[in-house]
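**Q** Questions regarding the structure given below will be posed in turn.
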Amino acid sequence: MGYRNLSDTVLDLEHHGKLRRIDLELDPHLEIGMIQRRVFAAGGPALLFTNPRGSRFPLLGNLYGTMERARFLFRDTLPVIEQLVNLKCDPMAALKTPLQLPRVPWHALNLFPRKLRRGPILSHTLDLDQLPQLVSWPNDGGAFVTLPQVYSEDPQRPGFGGSNLGMYRVQISGNDYTPNREVGLHYQIHRGIGVHDQKARDLGKPLRVNIVIGGPPSLAVAAVMPLPEGMSELGFAGLLGGHRLGMVCGASGLPIPAEADFCITGTIDPERTRPEGPFGDHLGYYSLTHDFPMVKVEQVYHRPGAIWPFTTVGRPPQEDTIFGTLIHEMTGPLIPTVLPGVAGVHAVDDAGVHPLLLAIGSERYTPYSETTRPQELLTQANAILGQGQLSLAKYLFIAAQNDAPQLSLHDMEGFFTHLLARVDWRRDIHFQTRTTIDTLDYSGSGLNQGSKVIIAAAGPAQRPLPTEIPSDLQLPDGFSNPRLALPGVLVLNAPSAHRERGAADPVIEQFCADFSPESTINLFPLVIVVDDSDFTARTLSNLLWVTFTRSNPASDIYGIGAETVNRHWGCRGSLIIDARSKPHHAPPLEEDPALIRKVEELAAPGGALRGLY
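In this text, residue positions in the sequence shown follow our numbering: the first is 70, and each later residue adds one.
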């Protein structure tokens, strides 16, 4: 049950018509990634590039490119995980399905990796420059492993029980890395490997790591799962893969999945870092060059018939969107057991995942009446922001389920309409002004540094939301082209931003001062100022991406009729979000025009890739 390795996966997908082999010679430098992104957008098949230029190893892309295919890969084990989740949520459920209960301990055995004396991964060795040199975006700093699974163990508690398997960016060429001897390891805050690395530094020892590429598909999913501390990703990979994960030891002594396709072994040098990046990342911008840990490479292994799995990331949605959706399907029912009173949390992919969370909570401890205001919602919101990677969010909008039992987090227009009709900007906006945000988010006050805001709404609707722009709407000089993005959400063009990082913008401050709380513009509870209102308001995806990736709450939220009472900031009129590009922001990702034309010709009638995208 389940796939033992990537070769078996490819054969089965091909047998079921879910994979296409591409024998045309194509270049891993920009070309293959551009094709993969288009096939993903078209909902196309998995892709096996059998003739990549400059490499003897085939490249496998778009493996997780649709939810249908992701469910197919784990079709034997997803029901088991659903059953285990249901037992966690409601142990009495076991009594309702007693005939299935005996299966649970049997599958639970797959949580325990098993040690093997030998495995295919140890069959061959090679140099780094013989690996596929995949470059996804024109300004990337070099070639990257885009589906790495980095394994480390607690230096103070070696073994599977203290291990971590995470998907941390790995740069294998370019910049100042010594060829074939060094690779860059970019791990972000709130990642398990950081704890191991710090412990090793405290002990004065280098941290040993294995960078695994390929293997059974369950390994990659396990590497991105937000598992509780103390739960082994290797164990989860076995559970999701339907069999105990076999592990072997290479020359370094650190375990390697026996069926992996490649493995780079080495140690993190505690004394040196190297400039890593730029890299076109999942927020839709380049993450810029910064010093990150460097791994001294000791050995590079590969199995017979090795396949190089890859993905490309960029402005969402991309293939990594499917990871998030699959994880939510598996773990969503657990949220109320971890966060009492919270019915659901949605990390919005269109906004880059970490910048924006939506949540539905409840007011359980006070009599519910028309005078209700957010109370327990604030407790629940802070609990959400205290959970692992959810703590990296910048914006958290939370509404009370009591007001609308059918409210859905995935009907984003309905959710914002519900919340904006009820929010009171004098009361319902709460800032954390100096804290951590996503490493890849450049809207804040520095690397990993920014702010958060909780916007909570409960109770009856306070206002109707306009669905058209009033004919008497007046705008100050320099602001133009008003567009209605959603009911109650007005988008405006504004002069280009030139202010320093973290400084208030006098143009936006003057805009707010030009209006009284009685002005027509205040019919719109939310006003967003941007560089291009036509683009921003054209689709909901554009609105979410521009608004929440280009603003830092503490420095980019303003209000008409703003005031601070007992250190609580609020406003009597419209809330203004400055979502213009600022000088300190990272540049957005753009494809090479000449390569676009070539790739489009390949998909045109008579082209070698006709029908793929």
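Each residue gets a CB set at the ideal place from its N, CA and C atoms; glycine is no exception.
1. Any chance you could list the alpha helix (DSSP H) runs of at least 4 consecutive residues sitting entirely within the stretch 535-611, in chain order?
2. Taking 8 Å as the limit between beta carbons, can you name the residues of its chain near S588, skipping five residues before and five after?
3. Start and end of the alpha helix (DSSP H) containing K365?
4. Tell me which residue opens and which closes the alpha helix (DSSP H) that A269 is part of.
5. Sort L216, L658 and D510 by Cα distance to C332 and report the nearest one.
6. Since M757 is in the alpha helix (DSSP H), which residue starts that stretch and which ends it?
7. Which runs of the alpha helix (DSSP H), 4 residues or longer, sit entirely within the stretch 363-418?
8. In chain order, what are the residue ranges of uninterrupted beta strand (DSSP E) at least 3 long that sit wholly in the stretch 608-634?
9. Answer yes or no: do L658 and Y464 have a C-beta to C-beta separation smaller than 8 Å?
10. Is the stretch 494-504 close to the stretch 633-652, with three or more CB pairs under 8 Å?
11. Between Y691 and G676, what straight-line distance do the alpha-carbon atoms span, to the nearest angstrom?
12. Just list the residues that DSSP pairs W175 with in beta bridges.
13. Using a threshold of 8 Å, state whether the C-beta atoms of G374 and S124 are closer than that.
14. What does the alpha-carbon distance come out to for the pair V252 and I453?
15. Should L129 and I101 be called a contact, given that it needs their Cβ atoms to be closer than 8 Å?
16. Rounded to whole angstroms, what is the Cα-Cα separation between N74 and A329?
17. Going by DSSP, what residues sit across from D647 in a beta bridge?
18. Does A527 have its Cβ less than 8 Å from a Cβ in chain B?
19. For N688 and F604, which I take to be in contact (beta-carbon distance under 8 Å), what is that distance rounded to the nearest angstrom?
20. For K667, count neighbouring Cβ atoms within 10 angstroms of its own Cβ and tell me buried if that reaches 16, exposed if not.
21. Could you pull out every residue in the same chain whose Cβ sits closer than 6 Å to the Cβ of Q449, ignoring the five residues on either side in sequence?
22. To which residues of the same chain is N471 closer than 8 Å at the C-beta, ignoring the five residues directly before and after it?
23. Exposed or buried, what is Q475 when buried is set at 16 or more other beta-carbons lying within 10 Å of its beta-carbon?
24. Going by the beta-carbon positions, is the gap between V204 and P97 smaller than 8 Å?
25. Determine the burial state of V634: buried for a count of at least 16 other Cβ atoms within 10 Å of its Cβ, exposed for fewer.
26. Measuring only the C-alpha atoms, how far is V239 from L357?
27. By the three-class DSSP mapping on this structure, what secondary structure does Q310 have?
28. Straight-line CA distance for L408 to L191?
29. At what residues does the alpha helix (DSSP H) containing K667 begin and finish?
30. Between which residues of its own chain and P189 is the CB-CB distance below 7 Å, once the five residues before and five after are set aside?
31. For P545, which residues of its own chain have a beta-carbon under 6 Å away from its beta-carbon, when the five flanking residues on both sides are left out?
32. For the stretch 375-389 and the stretch 269-287, state whether three or more C-beta atom pairs, one from each stretch, are separated by less than 8 Å.
33. Take the Cβ of L80 as the centre, count every other Cβ of all protein chains shown within 10 Å, and call the residue buried at 16 or more, exposed below.
34. Buried or exposed: D271, going by 16 or more other Cβ atoms within 10 Å of its Cβ?
35. What is the rounded straight-line gap between the Cα of V214 and the Cα of S242?
36. Run through DSSP, which three-state label would V422 get?
**A** Let me lay it out:
1. 575-582 and 602-607
2. Counted from its first residue, the sequence shown places residue 588 at position 519. Closer than 8 Å at the Cβ level, and outside the excluded window around S588, lie Q543, I629 and G642.
3. Counting from 1 along the sequence shown, the entry for residue 365 is found at position 296. K365 -> not in any alpha helix (DSSP H); beta strand (DSSP E) instead, spanning H359 to H371.
4. Walking along the sequence shown from the start, residue 269 turns up at place 200. From DSSP, the alpha helix (DSSP H) with A269 extends over G261 to L272.
5. Against the sequence shown, residue 332 aligns to sequence position 263. Of the listed residues, the one whose Cα sits closest to C332 is L216.
6. This structure does not reach residue 757, given that the chain is present from 70 up to 682, and the question cannot be answered.
7. 388-400 and 404-407
8. 626-628 and 631-634
9. Position 589 of the sequence shown, counted from the start, is the residue given in the question as residue 658. Position 395 of the sequence shown, counted from the start, is the residue given in the question as residue 464. Their beta carbons are not under 8 Å apart, which means L658 does not touch Y464 by this criterion.
10. yes
11. The chain is shown only over 70 to 682; residue 691 falls outside these bounds and no answer can be derived.
12. Reading the sequence shown from its first residue, position 106 is the one you call residue 175. Answer is none; W175 lacks a bridge partner.
13. Locating residue 374 in the sequence shown gives position 305, where the first residue counts as 1. Locating residue 124 in the sequence shown gives position 55, where the first residue counts as 1. Against a cut-off of 8 Å, the Cβ pair of S124 and G374 comes out as no contact.
14. Counted from its first residue, the sequence shown places residue 252 at position 183. Counted from its first residue, the sequence shown places residue 453 at position 384. Distance between the alpha carbons of V252 and I453 is about 35 Å.
15. Within the sequence shown, residue 129 is the residue found at index 60, counting from 1. Within the sequence shown, residue 101 is the residue found at index 32, counting from 1. For the 8 Å CB-CB criterion, L129 and I101 do not form a contact.
16. Indexing the sequence shown from 1 puts residue 74 at position 5. Indexing the sequence shown from 1 puts residue 329 at position 260. The alpha-carbon atoms of N74 and A329 are separated by roughly 7 Å.
17. Counting from one through the sequence shown, the residue named residue 647 turns up at place 578. Per DSSP, V598.
18. Reference to chain B is not applicable here, since this structure consists of a single protein chain.
19. Because the chain spans 70 through 682 in this model, residue 688 falls outside it and cannot be assessed.
20. By one-based count along the sequence shown, residue 667 stands at place 598. So K667 ends up on the exposed side.
21. For this step, residue 449 is matched to residue 380 along the sequence shown. So the qualifying residues of the chain are G410, V411 and G430.
22. Taking the first residue of the sequence shown as position 1, residue 471 is located at position 402. Within the same chain, N471 has close Cβ partners S431, E432, Y437, T441 and A527.
23. As a first step, residue 475 must be located in the sequence shown, where it is residue number 406. By the 10 Å Cβ count, Q475 comes out exposed.
24. Residue mapping note: residue 204 aligns to position 135 of the sequence shown, counting from 1. Residue mapping note: residue 97 aligns to position 28 of the sequence shown, counting from 1. Yes, Cβ-Cβ distance for V204 and P97 is below 8 Å.
25. For the purposes of this step, residue 634 is taken as residue 565 along the sequence shown, with counting starting at 1. The residue in question, V634, is exposed, as its Cβ has fewer than 16 Cβ neighbours within 10 Å.
26. Numbered from 1 along the sequence shown, position 170 holds the residue referred to as residue 239. Numbered from 1 along the sequence shown, position 288 holds the residue referred to as residue 357. Near 14 Å, if we compare the C-alpha coordinates of L357 and V239.
27. Walking along the sequence shown from the start, residue 310 turns up at place 241. Sequence inspection shows Gly at residue 310; the Gln mentioned does not correspond to that position. Three-state result, G310: helix.
28. Within the sequence shown, numbered from 1, the residue matching residue 408 stands at position 339. Within the sequence shown, numbered from 1, the residue matching residue 191 stands at position 122. For L408 and L191, the distance between alpha carbons rounds to 44 Å.
29. As a working note, residue 667 is residue 598 in the sequence shown. That run of the alpha helix (DSSP H) goes P662 to A672.
30. Taking the sequence shown and counting its residues from 1, the one referred to as residue 189 is at position 120. Closer than 7 Å at Cβ, skipping near neighbours: A327, E328, R372 and P373.
31. Numbered from its first residue, the sequence shown carries residue 545 at position 476. Hits under 6 Å: F580 and D583.
32. Contact holds: three or more Cβ-Cβ distances are below 8 Å.
33. Looking up residue 80 in the sequence shown gives position 11. Its Cβ having fewer than 16 others within 10 Å, L80 is exposed.
34. Translated into the one-based positions of the sequence shown, residue 271 becomes position 202. Exposed, since its Cβ has fewer than 16 Cβ neighbours within 10 Å.
35. Within the sequence shown, numbered from 1, the residue matching residue 214 stands at position 145. Within the sequence shown, numbered from 1, the residue matching residue 242 stands at position 173. Using only the alpha carbons, I get a separation of about 10 Å.
36. By 1-based counting over the sequence shown, the position of residue 422 is 353. Here V422 sits in coil by DSSP.
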